[in-house]
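Q: So the numbering used here is basically just the index in the sequence shown, starting at one, shifted up by 12. Virtual Cβ for every residue (Gly too), placed ideally from N, Cα, C. Bear in mind the structure is a predicted one, so any value in this text is a computation, not a measurement. Below you will find the structure I want to go over with you.
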Amino acid sequence: MSDKESRPRNSEATKAAILDAARHAFAANSYDTVGLREIARAADVNVSLVIRYYGSKERLFAVCLGDAAFDALLRDVPRERLARVLTRLTVMAGRPGLLAAALTEEHGREAADHDIDAAVLAACERVSRILMSSINSRAAMPLIRERLEADVLDHLVERIGGTHAREKARLALALMVGVALVHGVLDDGSPPSGAAHGDGKPPQLRLTEDLMRAIIEQLPGA
């Protein structure tokens with residue numbers, strides 16, 4: 013018996029192992045091709061435990077699309093920083109070269125980003141990969157729509173406020189998903205190109221933030 017087999021996990025550790033295995037599986041493959049037995053094998057548990065803790069593949073997939081830290085960020089971010097935060101979530105997740113450039117202030121010194129921590133960026137990257145892997149799945153689409161409505165759109169509507177808040181939230185989400193999709197298709201892993209603007213931001217980050225700010229703050233009803 014291996015060390016791993018000789019140390020029984022408690023229920024929370026088992027649930028965490030299953031969730032981690034599911035996140036990796038759904039990020040790598042379409043919802044349609046991932047099975048509970050595959051997830052159970054990766055988590056080193058019996059498939060009955062997956063069903064016990066998560067009920068079904070649909071429920072497990074929905075849980076994988078959520079993240080408490082990400083939800084808290086969208087719920088609590090002040091409106092004046094919303095465009096900046098959404099842009100960084102959209103452009104920087106999974107792109108350390110751009111992240112490093114974005115964390116350089118106007119005077120050229122490195123600074124910690126007080127709006128978004130590494131855990132939230134990692135969660136955003138993980139959820140983006142899951143979304144992109146199953147974007148063409150008819151079975152997954154109702155689950156994706158439900159999570160986007162509850163975890164992103166509703167928070168954005170509340171933060172944006174004013175008239176046409178839901179329409180603006182939908183446009184902001186469309187920009188986020190569109191940029192993430194283009195990154196997934198075209199990025200080759202190389203550092204971002206182009207000289208930084210006078211504010212120290214890489215061009216892609218600055219241009220995306222300008223678009224996001226226009227949606228949130230400059231459209232009628234802002």
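Ordered along the chain, which non-local residues of its own chain (more than five positions away) have a Cβ less than 6 Å from that of L72?
A: The sequence position of residue 72 within the sequence shown is 60, counting from 1. Excluding residues up to 5 positions away in sequence, A34 and Y66 lie with their Cβ nearer than 6 Å to the Cβ of L72 in the same chain.
Q: Quick check: is the beta carbon of V189 nearer than 8 Å to any beta carbon in chain D?
A: Any reference to chain D falls outside this structure, which holds one protein chain only.
Q: Taking all protein chains shown into account, do 16 or more other C-beta atoms lie within 10 angstroms of the C-beta of D44, making it buried, or fewer, making it exposed?
A: Mapped onto the sequence shown, residue 44 falls at position 32. So D44 counts as exposed.
Q: For L85, which option in L133, F38, I142 and V75 has the closest C-alpha, if you only look at C-alpha atoms?
A: For the purposes of this step, residue 85 is identified with residue 73 of the sequence shown, where counting begins at 1. The residue among L133, F38, I142 and V75 with its C-alpha nearest the C-alpha of L85 is L133.
Q: Starting from Q216, trace the alpha helix (DSSP H) in both directions and tell me its first and last residue.
A: For the purposes of this step, residue 216 is identified with residue 204 of the sequence shown, where counting begins at 1. Looking at the DSSP string, the run of the alpha helix (DSSP H) that includes Q216 is P215 to R225.
Q: Would you call I228 buried or exposed, if buried means 16 or more other Cβ atoms sit within 10 Å of its Cβ?
A: The residue you call residue 228 lines up with position 216 of the sequence shown. Per the 10 Å Cβ criterion, buried.
Q: Within its chain, find whatever has a CB closer than 8 Å to the CB of L165; leave out the 5 residues flanking it on each side and keep chain order.
A: For the purposes of this step, residue 165 is taken as the residue at position 153 of the sequence shown. Excluding positions up to five away in sequence, the list reads R178, A181, R182 and L185.
Q: In whole angstroms, what separates the C-alpha of E92 from that of G174?
A: Taking the sequence shown and counting its residues from 1, one reaches residue 92 at position 80. Taking the sequence shown and counting its residues from 1, one reaches residue 174 at position 162. Each residue's Cα considered, the two are about 14 Å apart.
Q: For I30, count neighbouring C-beta atoms within 10 Å of its own C-beta (all shown protein chains included) and say buried if the count is 16 or more, exposed if not.
A: Taking the sequence shown and counting its residues from 1, the one referred to as residue 30 is at position 18. Answer is buried; the Cβ neighbour count reaches 16.
Q: Report the rounded CA-to-CA distance for S140 versus A192, giving the unit in angstroms.
A: Residue numbering aside, residue 140 sits at position 128 when the sequence shown is read from its first letter. Residue numbering aside, residue 192 sits at position 180 when the sequence shown is read from its first letter. So the alpha carbons of these two residues sit roughly 7 Å apart.
Q: Could you spell out the range, first to last residue, of the alpha helix (DSSP H) harbouring I172?
A: As a working mapping, residue 172 is identified with position 160 in the sequence shown. Unbroken alpha helix (DSSP H) run through I172: D166 to I172.
Q: Is it right to say R157 is buried, meaning 16 or more other beta carbons lie within 10 angstroms of its own, or is it exposed?
A: Here the question's residue 157 lines up with position 145 in the sequence shown. By the beta-carbon neighbour count (other beta carbons within 10 angstroms, threshold 16), R157 is exposed.
Q: Quick one: Cα of S42 to Cα of A28, how far?
A: In the sequence shown, counting from the first residue as 1, residue 42 sits at position 30. In the sequence shown, counting from the first residue as 1, residue 28 sits at position 16. The alpha-carbon atoms of S42 and A28 are separated by roughly 21 Å.
Q: On the three-state DSSP scale, how would you describe S23?
A: Translated into the one-based positions of the sequence shown, residue 23 becomes position 11. Secondary structure of S23 (DSSP, three-state): helix.
Q: Can you check which of these residues, A37, F82 and R100, is closest to L223 by C-alpha distance?
A: For this step, residue 223 is matched to residue 211 along the sequence shown. Out of A37, F82 and R100, R100 has the C-alpha closest to the C-alpha of L223.
Q: Output needed for V57: all residues of its chain with C-beta closer than 8 Å, excluding positions within five of it in sequence on either side, in chain order.
A: As a first step, residue 57 must be located in the sequence shown, where it is residue number 45. Cβ within range, chain order: T26, A29 and I30.
Q: Assuming V139 is part of the alpha helix (DSSP H), what are its boundary residues?
A: Translated into the one-based positions of the sequence shown, residue 139 becomes position 127. That run of the alpha helix (DSSP H) goes A130 to S145.
Q: Quick one: what's got a C-beta closer than 8 Å to R121's C-beta in the same chain, skipping five residues either side?
A: Indexing the sequence shown from 1 puts residue 121 at position 109. Unreliable placement is indicated for R121, whose pLDDT of 37 sits below 50; the coordinate value is still reported in the next sentence. Excluding residues within five positions, none has a Cβ falling inside 8 Å.
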